[in-house]
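As given, the protein sequences belong to chains H and Z, one line each in that order.
If you're matching positions, the first sequence starts at 1 in the UniProt record's numbering and goes up one per residue.
If you're matching positions, the second sequence starts at 1 in the UniProt record's numbering and goes up one per residue.
Step one of this worksheet: look at the structure below.
Number of protein chains: 2
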Amino acid sequence: MLKSPITCRSISILALFKFKKTSENGRVARAKVLTIDTMNPTVKNAKYAVRGPIVARAAELERELNEGMKKPFDEVIKANIGDAHAMGQQPITFFRQALAICSYPELLNDSTFPEDAKSRAYRILQSCGGNSMGSYSASQGIDSVRQDVARYIERRDGGVPSDPDNIFLTTGACDGIMTMLKLLVCGEGPTRTGIMIPIPHYPMYSATLVELAAVQVNYYLNEEKCWSVDISELKRALDEARHYCNPRALCIVNPGNPTSQVETRQCIEDVIRFAAKERLFLMADEVYQDNVYGHGCRFHSFKTVLFEMGPEYSNTMELVSFHSTSKGYMGECGFRGGYMEVINMDDEVKAELTKLLSVRLCSPVPGQALVDLVFNPPQPGEPSYDNFIKERTAILSALEEKAKLTEQVLNTVPGISCNPVQGAMFCFPRITIPEKAMIEEQGQQPDVFYCMKMLEEAGICVIPGSGFGQKEGTYHFRMTILPPIDKLQILLNKVKEFHQKFTQKYS
Amino acid sequence: MLKSPITCRSISILALFKFKKTSENGRVARAKVLTIDTMNPTVKNAKYAVRGPIVARAAELERELNEGMKKPFDEVIKANIGDAHAMGQQPITFFRQALAICSYPELLNDSTFPEDAKSRAYRILQSCGGNSMGSYSASQGIDSVRQDVARYIERRDGGVPSDPDNIFLTTGACDGIMTMLKLLVCGEGPTRTGIMIPIPHYPMYSATLVELAAVQVNYYLNEEKCWSVDISELKRALDEARHYCNPRALCIVNPGNPTSQVETRQCIEDVIRFAAKERLFLMADEVYQDNVYGHGCRFHSFKTVLFEMGPEYSNTMELVSFHSTSKGYMGECGFRGGYMEVINMDDEVKAELTKLLSVRLCSPVPGQALVDLVFNPPQPGEPSYDNFIKERTAILSALEEKAKLTEQVLNTVPGISCNPVQGAMFCFPRITIPEKAMIEEQGQQPDVFYCMKMLEEAGICVIPGSGFGQKEGTYHFRMTILPPIDKLQILLNKVKEFHQKFTQKYS
């Protein structure tokens, strides 16, 4: 990336110079219409560390290694993102067989494909215009897919009814979350919409809020209690925020990212009571609902708890829950499949939501097909059932093992302390950074300095805690637990070694 | 959709009533947090007729027909949207074979699949993390796909160089257009960014501008000159707009939607000169570049013309061009594949663009794979070449025939006049609506009234011109030319018959 050596952008004489500088052929060159000074400031102000400068440097290092440059490591391990297949996880055979048939329906006649993959693909194709995944779907998503999702939710929630009309298929969960946030934002100055988000948090939330010029209202997760949500902290955050904005929604990520906590049923009930009392719209990011490993932990959907609390809550509380095909055991990030279920949403708002989605026409149909397969997988007695269960179990058991290994190894390192990885795909250990390192880092955040060193010295790419937010004076990093177990072991040992050296050097 | 019978939303006592109304169990029900009155007003104000009330009514009529209700027609013909596969167009075999292999790489071992489909799929998979379409790609898109797109552009533009670093893969073209518009918008009041768009226009533009609170600056296409762009009209629109906003970008859609014109090389050169002189960022929506049928018409990319105009232009003019896999001969709308090429974009802005895309992680990988296949299709000598050419030619020839048939039939109807369908997939005929009909329509726009009647009486779903914008006092509708030729013939005869009856009734 070329950068102008002149960084002081506010001096207007420089702008004038920029405008008048001559091009090669001696004519006066036109100044650019769109520059960093004249672009949308909300876009410029948004931050997104998960794909920020450390990740860019990691890609550079990979290129340098490929070109034969000597480094203190043989390979860059990208532990910065929850990208299961990139880490070597194999796709679930059934899903890919059915998707291949949907892509090339001639395969319906191929005797090597199992009948259940064929029947699922056939049903999906029947629901597509012209029986082709190449047609646009309805903006809300294919009808039969939304029906299958609703039935899945009913099974998951022990029979609590789910209406396909409340299901909206999305381009990954992010798209749904961004769309909902966009609907919620209004007002100016002290009446501007505030959105409560956890700290630490997945930075798509803060980046979107900056883009929407909404007010980010931080509530801190309790690191001492395994990153759980604390109602008194919610109350503190809300009361303070009411002085400068209009807080209208509360986002909960369960299981947590980057913090991997799994909230208890009691906690969820308390959050619902709080949101009801304080008139907050509830946004439950539940994309890691299949990723639960912690001892005694269980996933409780916000919707089930809401319905168990009786009609006072279930008839009135506005809730939207997000899910995705990118996480869980399938890890199909590239297909950008997802859905959201809206509960008690005002009918006129629902119509506006549909309109908003319709401007983008529809979410990708292969992603919608995958949503259908994931939420309507092989059933007992069907030909793919045994293999499906085998593959799914292997992936989830390995994840559980990796979660435990990560916690265990990191906690053997003096200066690193790691909460149990109860769920999701990440650990978020707290690190002690020596005073001297803080002096040396020269304007970088200390944890950015730490992670950049880890990348340069050990070839490990993790994301500094400051990219997710953390309590002042505390430092963390986020690392995925996704590499295969032998590689994860190497990775953890390298982290250990790096941390020890780093501490020694700056002590 | 349930609607409250009370429509006067501004009376606060009603809001109070709403808040205090009791629920079934006698308790005080909570008012909703998110209502039509408290949602994001920019979302509410956006309009998108292509999927609006007429299309909703068409879906309803289809359901009613299926339930056995009697109608004056046997089927609803949805001629409202450019959705080729939904109209029965078959996918290109080669693309779907390669996509099936990408989905289920076991098919690399299947001897019934042609070698070129295998080699393309293999190359795509090699560029995916973990060799799986289930991985996230880089936010800008898969490297090798961007390389193939750049090479395609070079071939198309007679050797004008294209840099893969300037290619950004997008979720359909809309996503690219929305992203670019988002980058461009800044300022407040009279310095707010204005964006020049054609009238009539594809309403994604206006809906996005409303969402972004940007100022829509209309320039009218010249219906008398086959909907071409007129420089004096651009100048008029710009000069007027400068009194109330800061016009920064000019959007050109070539071939046009809904107006189907193909701009001449001279016109494009004039537009570039105009944009250069007036310091406007150029946005060229060229998604219909393969859809050119008009006698003597040829597609000229803005980029080629820019480079032919010499370094004074090619070294400085900021241009972005959009393309898609949804149109052309492939019509793969559901995959949401697309790209944009940015020319002379400021490097810092390019970095911000990448960051903005990265918050959404990446565009769908199956769509990216399709982009690769479309822009790197079978070559002479490869096993799929002959069949590919045969399929492509058949589709494009049929479209040409349909374009001519449409123009010809519609122009036989007194009160309908239709410009030649030079390109794209639509006709946009002008219709005469009798005075009496205008009295009867009771608050609806006359062309909405006309199209709704056409739907109810003839079962034909088209979009009223007011959804695209039109000169005051003129009325049009947009109809796709995509149905198979025999069905199109029926459709056109029904339109003819309907128009005659309608004119008779209201004369």
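Beta carbons are placed, not taken as given, at the ideal position from N, Cα and C, and that holds for glycine.
These figures come from a predicted structure and were not determined experimentally.
Beta-bridge partners assigned by DSSP to leucine 250(H): Met196(H) and Leu282(H).
Interface flag for lysine 303(H) against chain Z is unset, since no Cβ pair is found closer than 8 Å. Taking the CA atoms as reference points, leucine 306(Z) sits about 7 Å from glutamate 269(Z).
Cβ-Cβ distances below 8 Å link proline 446(Z) to Ile433, Ala437, Met438 and Tyr475 in the same chain, with the five nearest sequence neighbours on each side left out; the list follows chain order.
DSSP places proline 114(Z) outside both helix and strand once states are collapsed to three, so it counts as coil. A Cβ-Cβ contact shorter than 8 Å links phenylalanine 468(Z) with proline 200(Z). Contacts with chain Z (Cβ-Cβ distance below 8 Å) from the segment 33–47 of chain H involve Val33, Leu34, Thr35, Ile36, Thr38, Met39, Asn40, Pro41, Val43, Lys44 and Ala46, listed in chain order. Using a Cβ-Cβ cut-off of 8 Å, aspartate 346(Z) is close to Lys32, Leu34, Thr35 and Ile36 of chain H, given in chain order. Bounds of the alpha helix (DSSP H) holding tyrosine 450(Z) are 446–458. Contact note: isoleucine 81(H) reaches chain Z through Tyr136 and Leu361, using a C-beta cutoff of 9 Å and chain order. DSSP places histidine 85(Z) in the helix class (H, G or I) of the three-state scheme. The shortest CA-to-CA distance from isoleucine 124(Z) to any of Ala100(Z), Val185(Z), Asn291(Z) and Met317(Z) is the one to Ala100(Z).
Around arginine 336(Z), the beta-carbon contacts reaching into chain H at under 7 Å are Pro364. Looking at the backbone, the Cα of lysine 327(Z) and that of proline 53(H) are separated by about 37 Å. Interface criterion met: the Cβ of tyrosine 104(H) is under 8 Å from a Cβ in chain Z. Between the C-alpha atoms of valine 217(Z) and serine 301(H) there is a straight-line separation of about 47 Å.
Spatial neighbours of tyrosine 506(H) in its own chain (CB-CB distance under 6 Å, excluding positions within 5 residues in sequence) are listed in chain order as Pro434, Lys436 and Ala437. With distances taken between CA atoms, aspartate 346(Z) lies nearest to Glu318(Z) out of Glu332(Z), Leu370(Z), Glu318(Z) and Pro366(Z). CA-to-CA, the gap between isoleucine 490(Z) and glutamate 497(Z) works out to about 10 Å.
At a cut-off of 8 Å between beta carbons, serine 358(H) contacts chain Z. With distances taken between CA atoms, proline 258(H) lies nearest to Asn80(H) out of Phe73(H), Asn80(H) and Ala58(H). Per DSSP, reduced to three states, the secondary structure at isoleucine 431(H) is strand. Residues are counted here when their Cβ sits less than 9 Å from a Cβ of chain H; for the segment 191–219 of chain Z these are Thr193, Pro203, Met204, Ala207, Thr208, Glu211 and Leu212, given in chain order.
Residue environment analysis places proline 414(Z) among the exposed positions, since fewer than 16 neighbouring C-beta atoms fall within 10 angstroms of its C-beta. Take the alpha-carbon of lysine 355(H) and the one of alanine 138(H): they are about 11 Å apart. When CB distances to chain Z are screened at a threshold of 7 Å, the residues of the segment 320–331 of chain H falling below it are Gly331, in chain order. Flagged as an interface residue toward chain H: proline 91(Z), by a C-beta distance shorter than 8 Å. Using beta-carbon distances, threonine 171(Z) counts as an interface residue toward chain H, with a partner under 8 Å. Ranked by Cα distance from cysteine 267(Z), the options Ala241(Z), Tyr244(Z), Tyr293(Z) and Leu234(Z) are led by Leu234(Z). Put simply, the CB of aspartate 239(H) is far from chain Z, with every gap to its CB atoms at 8 Å or more. Annotation for serine 321(H): the continuous beta strand (DSSP E) segment containing it runs 319–324. For cysteine 186(Z), the chain H residues whose C-beta falls within less than 8 Å of its own C-beta are Thr38, Met39, Asn40 and Pro41, listed in chain order.
If only uninterrupted alpha helix (DSSP H) runs of at least 4 residues are considered, those enclosed by the segment 158–209 of chain Z are 172–184. Here arginine 120(Z) is near leucine 373(Z), since their CB atoms are less than 8 Å apart.
For lysine 47(H), the closest of Glu352(Z), Gly68(Z), Ala98(Z) and Gly294(Z) by C-alpha to C-alpha distance is Glu352(Z). Collapsing the DSSP output to three states places methionine 340(H) in a strand.
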